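Presented below is the structure to which this report refers.
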Amino acid sequence: MDEPLKIALRKQGIFTTTLQELYNWGRKNSLWPLNFGLACCAIEMIATTMARYDMARFGAEVFRPSPRQADLMIVAGTVTKKMAPQVIRLYNQMPEPKYVISMGACAISGGPFKQGYNVLKGIDRYIPVDIYIPGCPPRPEALIDALMALQKKIDEQHLTGADRPRHLNLDTPSEFPVPQFGAHDLEPSQNPEIWHPPLVHISLAGKDESGNN
Amino acid sequence: MNLETIKSEIEASVSGCRLEIIPNASPSEQHSLLVDAARAVAVARFLRDAAHLRFDFCSNVTGVDWPSKEISEKIKVKKILDGVEQEVEETRKTQSLGYLEAVYHLYSVEKKHGPFVLRLRTEDRENRAHLPSLTPVWRSAEFQEREIFDLFGIHFDGHPDLRRILMWDEFEDHPMRRDYVEPNDYEYEPTAHDEVLQKAKQHQNGVGC
Amino acid sequence: MLGEGILKGLAETARNFLGSYVSKDRLTTVQFPEERLPHIEAARSFPFLVYDGEDWQQGMRCVSCLICEKECPPKCIFIEKSKDKKPDATGKPQFYPVVFNIDVSVCMSCQICVEVCPFDAIKMDVEFELSTNDRFGGLLWDKERLAKSNAYYGKIHPTEAAAVDAQLAEERAKLEAKAKLAAEAKTATVATPPAQPLRETSETTEGSGA
Amino acid sequence: MATTTYPTAHITPKPSTDGGEDQFLEVSMGPQHPSTHGVFRMNVVLDGERVVKLKPVFGYLHRNHEKIAENESYLGSMPYTDRLDYLCSITNNWAYALAVEKLAGIQVPERAEYLRVITGELTRLQNHACLIGFLMQDMGASGTPLMYAFREREKILDLFESLTGARMMCNYMRFGGCRVDASADWLQQAQKVMEAFPRFLDEYERLLTENEILMARTQGVGVLPRELAVNAGITGPMLRASGINYDIRKVDKYGIYDRFAFKVPLGEHGDVYDRYMIRVLEMRESIRILQQAMREISPGPIQDPKTKIRGFRPKAGEAYGRIESPKGELGFYLISDGSPNPYRYRVRPPSLINLTVLEEMCLGQNVADVVITLGSIDIVLGEVDR
Numbered sequence: 010m011d012e013p014l015k016i017a018l019r020k021q022g023i024f025t026t027t028l029q030e031l032y033n034w035g036r037k038n039s040l041w042p043l044n045f046g047l048a049c050c051a052i053e054m055i056a057t058t059m060a061r062y063d064m065a066r067f068g069a070e071v072f073r074p075s076p077r078q079a080d081l082m083i084v085a086g087t088v089t090k091k092m093a094p095q096v097i098r099l100y101n102q103m104p105e106p107k108y109v110i111s112m113g114a115c116a117i118s119g120g121p122f123k124q125g126y127n128v129l130k131g132i133d134r135y136i137p138v139d140i141y142i143p144g145c146p147p148r149p150e151a152l153i154d155a156l157m158a159l160q161k162k163i164d165e166q167h168l169t170g171a172d173r174p175r176h177l178n179l180d181t182p183s184e185f186p187v188p189q190f191g192a193h194d195l196e197p198s199q200n201p202e203i204w205h206p207p208l209v210h211i212s213l214a215g216k217d218e219s220g221n222n
Numbered sequence: 029m030n031l032e033t034i035k036s037e038i039e040a041s042v043s044g045c046r047l048e049i050i051p052n053a054s055p056s057e058q059h060s061l062l063v064d065a066a067r068a069v070a071v072a073r074f075l076r077d078a079a080h081l082r083f084d085f086c087s088n089v090t091g092v093d094w095p096s097k098e099i100s101e102k103i104k105v106k107k108i109l110d111g112v113e114q115e116v117e118e119t120r121k122t123q124s125l126g127y128l129e130a131v132y133h134l135y136s137v138e139k140k141h142g143p144f145v146l147r148l149r150t151e152d153r154e155n156r157a158h159l160p161s162l163t164p165v166w167r168s169a170e171f172q173e174r175e176i177f178d179l180f181g182i183h184f185d186g187h188p189d190l191r192r193i194l195m196w197d198e199f200e201d202h203p204m205r206r207d208y209v210e211p212n213d214y215e216y217e218p219t220a221h222d223e224v225l226q227k228a229k230q231h232q233n234g235v236g237c
Numbered sequence: 019m020l021g022e023g024i025l026k027g028l029a030e031t032a033r034n035f036l037g038s039y040v041s042k043d044r045l046t047t048v049q050f051p052e053e054r055l056p057h058i059e060a061a062r063s064f065p066f067l068v069y070d071g072e073d074w075q076q077g078m079r080c081v082s083c084l085i086c087e088k089e090c091p092p093k094c095i096f097i098e099k100s101k102d103k104k105p106d107a108t109g110k111p112q113f114y115p116v117v118f119n120i121d122v123s124v125c126m127s128c129q130i131c132v133e134v135c136p137f138d139a140i141k142m143d144v145e146f147e148l149s150t151n152d153r154f155g156g157l158l159w160d161k162e163r164l165a166k167s168n169a170y171y172g173k174i175h176p177t178e179a180a181a182v183d184a185q186l187a188e189e190r191a192k193l194e195a196k197a198k199l200a201a202e203a204k205t206a207t208v209a210t211p212p213a214q215p216l217r218e219t220s221e222t223t224e225g226s227g228a
Numbered sequence: 006m007a008t009t010t011y012p013t014a015h016i017t018p019k020p021s022t023d024g025g026e027d028q029f030l031e032v033s034m035g036p037q038h039p040s041t042h043g044v045f046r047m048n049v050v051l052d053g054e055r056v057v058k059l060k061p062v063f064g065y066l067h068r069n070h071e072k073i074a075e076n077e078s079y080l081g082s083m084p085y086t087d088r089l090d091y092l093c094s095i096t097n098n099w100a101y102a103l104a105v106e107k108l109a110g111i112q113v114p115e116r117a118e119y120l121r122v123i124t125g126e127l128t129r130l131q132n133h134a135c136l137i138g139f140l141m142q143d144m145g146a147s148g149t150p151l152m153y154a155f156r157e158r159e160k161i162l163d164l165f166e167s168l169t170g171a172r173m174m175c176n177y178m179r180f181g182g183c184r185v186d187a188s189a190d191w192l193q194q195a196q197k198v199m200e201a202f203p204r205f206l207d208e209y210e211r212l213l214t215e216n217e218i219l220m221a222r223t224q225g226v227g228v229l230p231r232e233l234a235v236n237a238g239i240t241g242p243m244l245r246a247s248g249i250n251y252d253i254r255k256v257d258k259y260g261i262y263d264r265f266a267f268k269v270p271l272g273e274h275g276d277v278y279d280r281y282m283i284r285v286l287e288m289r290e291s292i293r294i295l296q297q298a299m300r301e302i303s304p305g306p307i308q309d310p311k312t313k314i315r316g317f318r319p320k321a322g323e324a325y326g327r328i329e330s331p332k333g334e335l336g337f338y339l340i341s342d343g344s345p346n347p348y349r350y351r352v353r354p355p356s357l358i359n360l361t362v363l364e365e366m367c368l369g370q371n372v373a374d375v376v377i378t379l380g381s382i383d384i385v386l387g388e389v390d391r
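Here's what the structure looks like:
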């Protein structure tokens, strides 16, 4: 059925839908986040659920303390190397379909604390992330904006076909290996199947030759 | 509250302890007292219990790393040159022995004075990095001494529960030491310069890209 | 009486609930995407580069002095200075940044780059709806993404921008006056040569600081 | 309760006198636990419901603030201090600025001191209000008190945003002053918020103070004796709840705190209820300080003109500066070797040291009381682990 006909019918009081639309509509409006705060951004996440910003308007106010009941992980704050295995374990414990929002600079790349010896340079080294919100910390509105972006993403997913989401494709993994504590660093220090940074051409910069720095 | 008088009082009541006043050149004028490790607990007890001092509140405990460094000093040496004794200036380079330091900031809740700064030094940075724990005197040192053990590697003898506090137990390094080498995770450094640029370059070369 | 305290508390919640129908103070929800909080002038999110005039490339105020790069606490700015000079919005030849990248996945919005910039070239934006699914490309902002017009700056931080504009105009006027003076002096130098070197040095120092 | 199994090698329960060792239950609360206020973990050994042993585990938010600061200029560390105790960025700024001012002997102009007091006390208001909300959340009062607290907090954050540009990470203070001046308009807004705050406090107290459930849950729970409190270096509202009169605002009289008339509320029993009450009373005293500061503030410079912001290099030496932050004694210990970076930069975190006595306070209590005892300490993990 094409879109104009659907709208015309809706005006007449007749709702038509497909299974896919109904399925996506249900999923996107009942995202249950994991009650999981790491650092500064967690306070802004709490502020988002409070009266002023009221995340309940998006059906995402039911913060679940248990990963088994949650389908959205908002990584809000610095992921340290000591915490990273636990974060990944929590992610593995969440049932599919599951989504990850990487909230704030630290969760994306380590942020300002990037050069610290105990700071993981981005949670996407170990688990796939759907939406990134830059900011330190992002405003509550920014989190709502990210939530809407995620809802849009869910809405556009197809139930069948090659581009169907991960939870409908049995060949793709839904659990990821948990790194081990090593003598100097986490082992391995990233999951090469997930983390594909582009190569930065350092020679292009030429900083050290020009002596500008 | 004069540091000199406190020093002589300690010397009078704790027999055989060596104390040294470390001056502080900054406008804060918080001079400190270096106590030899062997008598540190007795000195701490005295500071806590002496009726007019009553430093009952140990606020801040921290470590400082002073690695060994090269000191070049000019010395006048008498030498016989061409049969005549002459004074010749020579620069002699010596390697100063590095050490680790624990600094305690004491206040008095009862008398409302302070800070009194106490320093303890280890003999070296490696095998003899031991100090007596002051946790039996002030409980507030418990977590802070564990932190120093974790990050600097000073072993506090007599500490009730000395193990790593911030890093995981399998970790081997002492990251707050100045010669600590960070793990190589410089895969993506789009805005690198200075030190980070060097490390990112090393990483790329190491990986073979 | 046991339970009195609980009843008191319940009365308080009831007051808040009923009050929310009449008092704006008790109903604080902002229906975000449709409704927004009033714009706060001092608000800041990420830096942007100010340009004068129409052409962002020509009008960029940044002369790539690298101060912000050095002072940035998390080191999220990367600048490559040009080898040549190009005329800026006022026509004066200046160095310009060949590459100016800010990694917003690291930036902590601390505003120190703005504070230390002697050219008023970098300012803080207020945009915050920046969520993206592009980890690398979407979060490394280049010169083009960062460039925003002075008019935009005036719109988001009106008071501050007016002060900056006034100051820049004053400096420009001073410079022009000085140039004029210098030109006059040049004609005069034929008569009084010793006065020249002094004036020239003062002009160059002033010129580089403007 | 998180019952994920983690290595718990450190726990060696004492042999039970009335049965075998298998009576004990080891529970690892955290690092992901709704009541631990972040990523904090406690290894608790339970005998039925009773706590036999409790060992806190730290480091899940160890962000290497001190190491990073050693490679950062003095100014560059200022925004990092915001992220220590992320509920009260302004008081963190203040403590750091104070330590650097001691290190370099910088004078602060009067207006800047007033601005520091005003913003600092506003910070205390929002911190205490939120802490009480979180504490009630831990007790099962899910939502309502916390929502009321956040409603007021948003008003204070709006003030911070219009003054400093950011809601949480203000980066407001500089060595020898403040970054931006407050306009007359801003002061008026602040006056309005301040005048409305006692009304909120009355409301909050009607909601909570006499609530029988609250009293039953908190009175006599998590008692901290006086002698232990001093010896264990406890500071802030927690120390005063145990009845010890020690407020750094009164003892050190840093800034201009000697100009204000305010009382130091003291507790009697040192239990969770006293800690709750102390915070309510401290908020009332903060409002008194704010009223005086708002009345007395006069125009003037806000920055010491002799202090360079860029390329700041204090002479070699060291200094320890401390303030009364909402959590307790927040101190910074700096060693300068004359270079642009501090040689050693140490934060004395009140939250970490206040946790020293957690085990003593919880032993023999029910496991549900561990949660509220922890809640009443008022920890922020950014500061505990740095």
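Residue numbers (our numbering), protein chains in the order written: chain L, 10 to 222; chain A, 29 to 237; chain B, 19 to 228; chain H, 6 to 391. C-beta: ideal position from N, C-alpha, C; glycine also. Keep in mind that this is a model prediction, so the values were computed, not measured.
{"Check": "Report the CB separation of residue 134(B) from residue 89(B) in whole angstroms; it is logged as a contact under 8 angstroms.", "Outcome": "5 angstroms"}
{"Check": "Tell me whether the stretch 55–69 of chain H and the stretch 63–74 of chain B touch, counting them as touching only if at least three CB pairs, one residue from each stretch, are closer than 8 angstroms.", "Outcome": "no"}
{"Check": "Between residue 199(A) and chain L, is there a C-beta pair that is closer than 9 angstroms?", "Outcome": "yes"}
{"Check": "List the endpoints of the continuous beta strand (DSSP E) containing residue 114(H).", "Outcome": "Taken as a continuous stretch (DSSP letters only), residue 114(H) belongs to no beta strand (DSSP E), as it is neither H nor E."}
{"Check": "Let me know if residue 103(A) comes out buried or exposed under the rule of 16 or more other beta-carbons within 10 Å of its beta-carbon.", "Outcome": "exposed"}
{"Check": "Classify residue 38(A) as buried or exposed, calling it buried when 16 or more other Cβ atoms lie within 10 Å of its own Cβ.", "Outcome": "buried"}
{"Check": "How would you write the range of the beta strand (DSSP E) that residue 340(H) sits in, first residue to last?", "Outcome": "333–341"}
{"Check": "Out of 157(L), 209(L), 132(L) and 178(L), which one is the CA nearest neighbour of residue 200(L)?", "Outcome": "132(L)"}
{"Check": "Can you have a look at residue 370(H) and say buried or exposed, based on whether 16 or more other CB atoms are within 10 angstroms of its CB?", "Outcome": "buried"}
{"Check": "Starting from residue 250(H), follow the beta strand (DSSP E) in both directions and report where the run begins and ends.", "Outcome": "That residue, residue 250(H), is in no beta strand (DSSP E); it is neither H nor E in DSSP."}
{"Check": "Roughly how many angstroms lie between the CA atoms of residue 207(A) and residue 187(B), to the nearest whole one?", "Outcome": "51 angstroms"}
{"Check": "Quick check: the Cα distance between residue 140(L) and residue 160(L), rounded to an integer number of angstroms?", "Outcome": "11 angstroms"}
{"Check": "Just to confirm, are residue 108(A) and residue 124(A) a CB contact at a threshold of 9 angstroms?", "Outcome": "no"}
{"Check": "Does any residue of chain H have a CB that is nearer than 9 angstroms to the CB of residue 200(L)?", "Outcome": "no"}
{"Check": "Name the chain L residues whose beta carbon is nearer than 9 angstroms to that of residue 153(B)?", "Outcome": "111, 117, 118, 131, 133, 138, 141 and 206"}
{"Check": "Checking contacts by CB at 9 angstroms: is residue 31(B) closer than that to chain L?", "Outcome": "no"}
{"Check": "Considering Cα atoms alone, identify which of 166(H), 182(H) and 292(H) is closest to residue 56(B).", "Outcome": "166(H)"}
{"Check": "Identify every run of the beta strand (DSSP E) within the stretch 125–180 of chain A, keeping only runs that are complete inside it and at least 3 residues long; order them along the chain.", "Outcome": "127–135, 144–149 and 158–160"}
{"Check": "Counting only beta-carbon separations shorter than 9 angstroms, does residue 81(H) have a partner in chain B?", "Outcome": "yes"}
{"Check": "Can you list, in chain order, the stretches of the beta strand (DSSP E) that have 3 or more residues and sit fully within the stretch 46–119 of chain A?", "Outcome": "47–50, 60–63, 85–94 and 98–109"}
{"Check": "Spatial neighbours of residue 101(H) within its chain, please: C-beta separation below 6 angstroms, excluding the five flanking residues on both sides.", "Outcome": "86 and 337"}
{"Check": "Compute the Euclidean distance between the alpha carbons of residue 184(L) and residue 174(L), then round it to the nearest angstrom.", "Outcome": "15 angstroms"}
{"Check": "How many Å lie between residue 379(H) and residue 331(H) at the Cα?", "Outcome": "16 angstroms"}
{"Check": "For residue 59(H), I'd like the list of residues in its chain whose CB is within less than 8 angstroms of its CB, leaving aside the five on either flank, ordered along the chain.", "Outcome": "47, 48, 49, 50, 363, 364, 367, 368 and 375"}
{"Check": "So is residue 179(L) buried or exposed if we call it buried at 16+ other beta carbons inside 10 Å?", "Outcome": "exposed"}
{"Check": "Straight-line CA distance for residue 119(H) to residue 183(H)?", "Outcome": "10 angstroms"}
{"Check": "Less than 9 angstroms between CB atoms is the rule here; does residue 216(A) satisfy it with respect to chain L?", "Outcome": "yes"}
{"Check": "Counting only the same chain and skipping the five closest in sequence on each side, list residues whose C-beta sits under 8 angstroms from that of residue 162(B).", "Outcome": "74"}
{"Check": "Got a sec, what are the start and stop residues for the alpha helix (DSSP H) residue 36(L) sits in?", "Outcome": "28–37"}
{"Check": "Given a cut-off of 9 angstroms on the beta-carbon distance, is the pair residue 78(B) and residue 169(B) in contact?", "Outcome": "no"}
{"Check": "Closer than 9 angstroms by beta-carbon distance: list the chain B residues that pair up with residue 68(L), in chain order.", "Outcome": "Per Cβ cutoff of 9 angstroms: no residues; residue 68(L) is ~14 angstroms from chain B at best."}
{"Check": "Looking only at DSSP bridge pairs, what is residue 78(B) linked to?", "Outcome": "69(B)"}
{"Check": "Spell out whether any CB of chain H is found under 9 angstroms from the CB atom of residue 54(A).", "Outcome": "yes"}
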